[in-house]
Structures are given as C-alpha cells and as structure tokens.
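There are 2 protein chains.
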Amino acid sequence: MNTPDDDWLRLDQQICFSLHAASRAFNGVYRGILKDLGLTYPQYLVMLVLWEHDELPVKKLGEHLRLDSGTLSPLLKRLEAAGLVRRERSARDERSVEVRLTEEGVALRRRALQVPRRIAASTGFDTDEIRTLRARLDELTTALDAAALAEPTGGAPGDGRS
Amino acid sequence: MNTPDDDWLRLDQQICFSLHAASRAFNGVYRGILKDLGLTYPQYLVMLVLWEHDELPVKKLGEHLRLDSGTLSPLLKRLEAAGLVRRERSARDERSVEVRLTEEGVALRRRALQVPRRIAASTGFDTDEIRTLRARLDELTTALDAAALAEPTGGAPGDGRS
DNA sequence: CACAATTAAGTTGTGTGCAATTGAGTGGCG
DNA sequence: CGCCACTCAATTGCACACAACTTAATTGTG
Numbered sequence: 001m002n003t004p005d006d007d008w009l010r011l012d013q014q015i016c017f018s019l020h021a022a023s024r025a026f027n028g029v030y031r032g033i034l035k036d037l038g039l040t041y042p043q044y045l046v047m048l049v050l051w052e053h054d055e056l057p058v059k060k061l062g063e064h065l066r067l068d069s070g071t072l073s074p075l076l077k078r079l080e081a082a083g084l085v086r087r088e089r090s091a092r093d094e095r096s097v098e099v100r101l102t103e104e105g106v107a108l109r110r111r112a113l114q115v116p117r118r119i120a121a122s123t124g125f126d127t128d129e130i131r132t133l134r135a136r137l138d139e140l141t142t143a144l145d146a147a148a149l150a151e152p153t154g155g156a157p158g159d160g161r162s
Numbered sequence: 001m002n003t004p005d006d007d008w009l010r011l012d013q014q015i016c017f018s019l020h021a022a023s024r025a026f027n028g029v030y031r032g033i034l035k036d037l038g039l040t041y042p043q044y045l046v047m048l049v050l051w052e053h054d055e056l057p058v059k060k061l062g063e064h065l066r067l068d069s070g071t072l073s074p075l076l077k078r079l080e081a082a083g084l085v086r087r088e089r090s091a092r093d094e095r096s097v098e099v100r101l102t103e104e105g106v107a108l109r110r111r112a113l114q115v116p117r118r119i120a121a122s123t124g125f126d127t128d129e130i131r132t133l134r135a136r137l138d139e140l141t142t143a144l145d146a147a148a149l150a151e152p153t154g155g156a157p158g159d160g161r162s
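Going down the list, the sequences are from chains A and B.
When we follow full-length UniProt numbering, the leftmost residue of the first sequence carries the number 1, and every step to the right adds one.
When we follow full-length UniProt numbering, the leftmost residue of the second sequence carries the number 1, and every step to the right adds one.
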C-alpha cells in the first residue's frame with residue numbers, strides 16, 4: 001500500500017535540495033574568489049552586466065538580472081559607496097536612475113578577467129558541459145516562470161484571490 | 001586582439017546567472033505552492049528531512065541540508081512557533097538540541113504530498129530529466145565544495161589559521 | 001489644464017545564508 | 001581535581017531576495 005506519493009516526496013527532496021545546494025555552493029566559491037575584488041556574488045552579477053553595457057537605468061538592470069528595486073537599490077548604493085558606480089537621475093525622465101561605471105569600476109574589469117577561469121577550474125566542468133548545463137537551467141527557469149504566472153497561488157486560473 | 005578572456009567573462013555571466021536565476025525561479029514556484037501550507041521554501045526543506053527522520057539533533061539536520069546553526073536556529077524557532085516542531089535539549093548531551101515533529105507537523109505531511117506533483121508539472125520535466133539534472137547538480141556541488149576547501153581565500157593551502 | 005492611471009525608485013518588514021563570536025557543556029590529560 | 005581543547009547551539013552583523021507600500025514623475029484622457 002505504498003502510494004507513489006511517498007516516492008514523489010523523496011524525489012522532490014532530492015531535486016529541490018540539489019538545486020538549492022548547488023546554488024549555495026556556487027555562491028560560496030564565488031565568495032572566496034570575489035573577496036579579492038571586494039565584491040559579493042550579486043554585486044559581481046551587476047558588474048558583469050555593467051561591463052557589457054556601461055550605462056543602464058535601474059529598471060533595465062533589473063530585467064537583465066530578474067531583480068527588483070527592493071534588492072537593487074541598496075546593492076547599488078553599496079557599489080556607489082565603494083566607488084565603482086555612479087547613480088544619477090535621468091534628466092529626461094526623473095523617475096529613472098541611470099547607473100554608470102566609474103573609472104574605478106571600469107578598471108576593476110581587468111582584475112575580474114581571471115575570475116571565470118578560476119571558477120571553471122573549481123567546477124571541473126569543461127566549456128561544453130557548462131554550456132549544456134546552462135541551457136538546461138535556462139529551460140527550467142523559463143518553464144518555472146511560465147508556471148508561476150499561470151498559477152500564482154496554485155488554484156484554478158479563475159480564482160480571484162490576491 | 002580580442003583575448004578569449006572577454007568570452008570567458010561573458011560565459012561566466014551566463015552560467016552563474018543561469019544557476020542563480022534557476023534557483024530563484026524554483027524558489028518562487030515553491031513559494032506560491034507552499035503558501036497554502038504556511039511554509040517557506042527552506043522551512044519545507046527542513047520538514048522534508050524531518051518527515052524522513054522524525055527526530056534529529058540540529059547538527060544532523062544541518063549536515064543534511066548543509067546549513068549551520070546561524071540559519072537553522074531562527075528558522076526552527078519559527079517552525080516551533082507555528083506548532084510544527086518541538087525543540088528540547090538532549091538530556092544525554094546538553095549541548096545538543098533535539099528537533100522532533102509535533103502531531104501537527106506529522107499531519108502536515110499529508111497535505112504536502114501533493115506538492116511534488118505540482119512542482120513537477122511546473123517544470124515540464126519528466127522524472128528521468130529531473131533525475132539527470134539532479135545528478136548533474138550534485139556533481140557540481142561536490143566539485144565546488146572540494147574546491148572551496150582547497151582554496152579558502154585563493155591563497156596557499158598551508159596557512160596555519162585556526 | 002485637471003485628474004486618474006501608470007511607472008520607476010526607494011523604503012519597510014520578514015526570512016534566509018553565512019562569517020564571526022559567545023556561552024554552555026563535554027572529554028582528555030596531567 | 002584543574003585546566004584546556006573541542007563541540008554544539010545561539011546570537012550578532014551584514015547582505016541579499018521579495019512582497020507590500022510610499023513617493024515622485026509621466027502619460028493618457030476629457
């Protein structure tokens with residue numbers, strides 16, 4: 001009389017735990033390597049985007065990283081305090097805040113160039129394996145985001161609960 | 001004169017962002033589904049372990065989940081406040097705190113049985129795909145944990161810090 | 001132009017996650 | 001017995017993440 005529900009629960013424990021653990025393990029390795037640069041892992045993600053774009057409103061930054069102002073505002077203030085970015089209200093639209101790299105922020109990129117190699121070495125994965133895993137994770141994220149929109153609280157789509 | 005470093009940085013942006021985003025997307029889907037049970041995602045992870053083991057010292061719980069007391073202590077207090085677990089000092093070793101499910105905590109398992117199916121549906125992945133991904137992530141975590149131990153700050157391994 | 005709806009940042013409150021420290025308890029060793 | 005090293009949980013401080021709310025600016029409509 002062992003319903004498969006029990007197995008599902010066990011499997012769920014494994015997959016959700018695995019993802020959670022992998023994310024934190026990754027975070028931990030980055031933490032160690034990024035300490036030299038004085039950056040946290042999320043700060044590094046922001047810098048990666050800025051190194052590509054040089055200047056960007058907070059909104060766009062949030063879209064790239066799927067983070068909202070509640071997370072980005074304090075984070076950007078810390079980057080500003082560290083002298084890596086400047087935040088200034090857009091003259092065109094004063095609701096918007098433009099984030100741009102300082103010279104120091106641009107310069108930090110040179111020191112960051114060695115980071116990915118050290119990370120890759122830590123994973124023991126080669127480029128193709130990383131690419132494959134990334135593609136898989138992106139599929140997952142896309143599916144999960146779609147599902148999150150489809151059933152906000154898990155009920156039938158018609159329920160008006162907030 | 002485009003050094004491959006630039007490409008590495010771009011690839012790094014993609015993989016670390018992908019994992020970060022996938023983890024948060026997963027978290028978000030669980031958040032929606034677990035709201036019915038009154039649990040957060042990490043609290044659910046703790047409950048999953050307790051449903052398997054029924055009673056466990058905080059230390060063991062932390063080993064299962066790779067979390068330390070700094071995270072678990074407040075989390076467990078919330079679960080206790082919610083009436084799902086009890087925490088009591090071990091009589092044998094008063095340094096240790098035994099965490100055990102209350103009746104209510106045991107009962108919650110029945111309602112949680114439907115969670116994995118709803119998650120699986122959200123991912124759009126079948127059982128084999130989930131298993132494969134999980135195995136991949138575990139490899140990654142193992143490699144990363146080993147690397148983290150090997151180079152705590154990126155320096156020589158021989159430093160005598162306690 | 002007046003005014004409601006929308007949008008962008010920022011703020012607040014809650015809950016992790018982790019390093020570092022504290023405090024209590026245990027065990028070994030002279 | 002007295003002392004020291006070690007262990008476990010809890011606490012403190014900092015930095016995300018995210019929901020909910022606030023504030024300010026912009027846009028759409030009459």
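Beta carbons are placed, not taken as given, at the ideal position from N, Cα and C, and that holds for glycine.
Keep in mind that this is a model prediction, so the values were computed, not measured.
(request) Decide if residue 157 of chain B is buried, meaning its Cβ has at least 16 other Cβ atoms within 10 Å, or exposed. (result) The sequence position of residue 157 of chain B within the second sequence is 157, counting from 1. Because the pLDDT at residue 157 of chain B is just 39, under 50, the model does not fix this residue reliably, and the point stays unresolved.
(request) Anything in chain A within Cβ reach of residue 96 of chain B, meaning under 8 Å, just list it in chain order. (result) Residue mapping note: residue 96 of chain B aligns to position 96 of the second sequence, counting from 1. Contact annotation for residue 96 of chain B against chain A: no contact, minimum CB-CB distance about 23 Å [criterion: below 8 Å].
(message) If contacts are defined as beta-carbon pairs under 8 Å, then residue 106 of chain B and residue 87 of chain B qualify, I think. What distance do you get, rounded to the angstrom?
(response) Working through the second sequence from its first residue, we reach residue 106 of chain B at position 106. Working through the second sequence from its first residue, we reach residue 87 of chain B at position 87. In fact, because the Cβ distance is near 16 Å, the residues do not count as touching under 8 Å.
(request) Give a yes or no on whether 8 Å exceeds the smallest Cβ distance from residue 134 of chain B to chain A. (result) As a position in the second sequence, residue 134 of chain B is number 134, starting the count at 1. Yes, contact with chain A.
(request) Examine chain A for any beta-carbon lying closer than 8 Å to the beta-carbon of residue 5 of chain B, and answer yes or no. (result) Your numbering for residue 5 of chain B matches position 5 in the second sequence. Closer than 8 Å: yes.
(message) Can you give me the C-alpha to C-alpha distance between residue 148 of chain B and residue 81 of chain A, rounded to a whole angstrom?
(response) Looking up residue 148 of chain B in the second sequence gives position 148. Looking up residue 81 of chain A in the first sequence gives position 81. Going by the C-alpha atoms only, they are around 29 Å apart.
(message) Measuring only the C-alpha atoms, how far is residue 27 of chain B from residue 23 of chain A?
(response) If you number the second sequence from 1, residue 27 of chain B lands on position 27. If you number the first sequence from 1, residue 23 of chain A lands on position 23. In this model, residue 27 of chain B and residue 23 of chain A are separated by some 11 Å (Cα to Cα).
(message) So the candidates are B:40, B:145 and B:16; which of them puts its Cα closest to the Cα of residue 115 of chain B?
(response) As a position in the second sequence, residue 115 of chain B is number 115, starting the count at 1. Taking only the C-alpha atoms, the option nearest residue 115 of chain B is B:40.
(request) Examine the Cβ distances between the segment 47–61 of chain B and the segment 90–99 of chain B and report whether three or more of them are shorter than 8 Å. (result) Contact between the segment 47–61 of chain B and the segment 90–99 of chain B is established, with three or more Cβ pairs separated by less than 8 Å.
(message) I'd like to know whether the C-beta atoms of residue 8 of chain A and residue 117 of chain B end up nearer to each other than 8 Å.
(response) Taking the first residue of the first sequence as position 1, residue 8 of chain A is located at position 8. Taking the first residue of the second sequence as position 1, residue 117 of chain B is located at position 117. Yes, they are a contact pair.
(request) Tell whether a beta-carbon distance below 8 Å holds between residue 45 of chain B and residue 111 of chain B. (result) Residue numbering aside, residue 45 of chain B sits at position 45 when the second sequence is read from its first letter. Residue numbering aside, residue 111 of chain B sits at position 111 when the second sequence is read from its first letter. Taking 8 Å as the Cβ cut-off, residue 45 of chain B and residue 111 of chain B do not qualify as a contacting pair.
(request) Assign residue 88 of chain A to one of three DSSP states: helix, strand, or coil. (result) On the first sequence, residue 88 of chain A is found 88 positions in, with the first residue counted as 1. Residue state, collapsed to three classes: strand.
(message) I want to verify the contact list: residues of chain B whose CB lies under 7 Å from the CB of residue 192 of chain A, in sequence order.
(response) Beyond the ends of chain A as shown, which are 1 and 162, falls residue 192 of chain A; an answer cannot be given.
(request) Check whether the Cβ of residue 54 of chain B lies closer than 8 Å to any Cβ atom in chain A. (result) Working through the second sequence from its first residue, we reach residue 54 of chain B at position 54. At a cut-off of 8 Å between beta-carbon atoms, residue 54 of chain B makes no contact with chain A.
(message) Between which two residues does the alpha helix (DSSP H) holding residue 117 of chain A run?
(response) Within the first sequence, the letter at position 117 stands for residue 117 of chain A. Taken as a continuous stretch (DSSP letters only), the alpha helix (DSSP H) holding residue 117 of chain A covers 115–123.
(request) Give me whichever residues DSSP pairs with residue 99 of chain A in a beta bridge. (result) In the first sequence, counting from the first residue as 1, residue 99 of chain A sits at position 99. A:56 and A:87, per the DSSP bridge assignment.
(message) Taking the alpha-carbon of residue 16 of chain B as reference, which of A:17, A:15 and A:25 has the nearest alpha-carbon?
(response) Counting from 1 along the second sequence, the entry for residue 16 of chain B is found at position 16. Among A:17, A:15 and A:25, the Cα nearest to that of residue 16 of chain B belongs to A:25.
(request) Take the Cβ of residue 18 of chain A as the centre, count every other Cβ of all protein chains shown within 10 Å, and call the residue buried at 16 or more, exposed below. (result) Working through the first sequence from its first residue, we reach residue 18 of chain A at position 18. Counting Cβ neighbours within 10 Å, residue 18 of chain A comes out buried, since at least 16 surround it.
(request) List the whole-angstrom C-beta distance separating residue 163 of chain A from residue 85 of chain A, where the pair is believed to meet the contact cut-off of C-beta under 8 Å. (result) Outside the displayed span of chain A (1 to 162) sits residue 163 of chain A, for which this structure offers no information.
(request) Give me the Cβ distance between residue 123 of chain A and residue 140 of chain B, rounded to the nearest whole Å; I'm assuming they're in contact under 8 Å. (result) Walking along the first sequence from the start, residue 123 of chain A turns up at place 123. Walking along the second sequence from the start, residue 140 of chain B turns up at place 140. Right, the Cβ-Cβ distance comes to about 6 Å (below 8 Å), so this counts as a contact.
(message) By the three-class DSSP mapping on this structure, what secondary structure does residue 34 of chain B have?
(response) Position 34 of the second sequence, counting from 1, holds the residue named residue 34 of chain B. Reduced to three states, the DSSP call for residue 34 of chain B is helix.
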